[in-house]
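Novice: Take a look at this one; I'll ask things after.
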Amino acid sequence: MDNNTVLDQLVRMSLNLGKPENEYAILGEGNTSARVDEETFYVKQSGSYLCTAACESFVHVRFAPVLAMIEESGLSDDEIKGRLMSARADSSSPSMPSIETVFHAYLLTLPGVSFVGHTHPIAVNSLLCSHKAKEAFSGRVFPDEIVFCGIEPVYMEYVDPGPALARAIREHIQEFMDKQGVTPKVVYMQNHGVIALGANPQEVEAITAMAVKTCRVLAGTYIFGGPRFLTKENVDRIYTRPDEEYRKRQFRQ
Ligand SMILES: [Zn+2]
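Numbering (the working numbering), first residue to last: 83 to 335.
Now the structure itself:
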């Protein structure tokens, strides 16, 4: 895919995620990204709105200088901004990459991930900002959650956005991949929001929609005594069923 095709797809995905009726993000909330090639990716510029995304809303950025920031703790806010500006592939572009560019860079290096969508949906944050957050995401509640969002999500406690958050995400994802042997589909960040990792824009949109539905269902279960999680046998069966494999493959075409 050439740069323009990737950027067009990223703009469309961002507009879909930013639709006001979805309630995934308001104002400048949320950010999206897409891998262009081994060297570079596009990421939303700081402060722009998903609901009015256009080609100019994205910055073309080089992986290497951004990934290097993950290794450095103790960068000041000004240093982080300076590093992000100097990581732009086109230094004549006036746009500043989002502060969350660091975790986007890391996630876009994972196997099977070419598009990333990070949003703050009301339905998801109602749970993530609650005392029951960790418990609510400790099990799976219905089959389609597993089909679209994977065998389990990555769940993490609150971390300050920027390189520290990217480091914490990397640690949790490496732990997940050691255990499950696959790339996760969803990361839930306590008191913050959700990240969907996809091979293409359709997968990111579907994962986000199903994560939101999962959270609505979970919220409903707390009215009726709390979630009754599927058993491990149920979860493993759905995760490996051939017909579900077929449905999962629909995204990968
Ligand atoms: Zn965020």
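All C-beta atoms in this analysis are idealised placements derived from N, C-alpha and C, irrespective of residue type, glycine included. Treat the numbers as computed from the prediction; the structure is a model and nothing was measured.
Ligand 1 and H200: does any heavy atom of the ligand fall closer than 7 Å to the residue's C-beta?
Specialist: H200: yes, Cβ under 7 Å from ligand 1.
Novice: Hey, would you say the C-beta of H274 is under 7 Å away from at least one heavy atom of ligand 1?
Specialist: Yes; taking the cut-off as 7 Å, the Cβ of H274 has a heavy atom of ligand 1 nearer than that.
Novice: So for M259, helix, strand or coil by DSSP?
Specialist: Looking at M259 - three-state DSSP - the assignment turns out to be helix.
Novice: Out of E138, E161, C231, point me to the one whose CA is closest to P147's CA.
Specialist: When only C-alpha atoms are compared, the closest one is E161.
Novice: By alpha-carbon positions, which one of V269, T322, A250, A246 ends up nearest to S155?
Specialist: Closest option to S155, Cα to Cα, is A246.
Novice: Could you check if E315 belongs to the surroundings of ligand 3, using beta carbon to heavy atom distance under 7 Å?
Specialist: As presented, the structure is devoid of ligand 3, carrying ligand 1 as its sole ligands.
Novice: Per DSSP, what kind of secondary structure is M271 in: helix, strand or coil?
Specialist: Three-state DSSP puts M271 in a strand.
Novice: Near Y321, what residues of its chain come up, given a Cβ to Cβ distance below 6 Å and the 5 sequence neighbours on each side ignored?
Specialist: Same-chain partners within the cutoff: I228, I233.
Novice: Once DSSP output is grouped into helix, strand and coil, what is the label at R144?
Specialist: Of the three classes helix, strand and coil, the one that applies to R144 here is strand, per DSSP.
Novice: Counting only the same chain and skipping the five closest in sequence on each side, list residues whose C-beta sits under 6 Å from that of T303.
Specialist: If we look at T303 and ignore the five residues flanking it on each side, its Cβ neighbours are P309.
Novice: Which one of I204, E217, Q91, A171 has the shortest CA to CA distance from A136?
Specialist: Nearest option by C-alpha distance: Q91.
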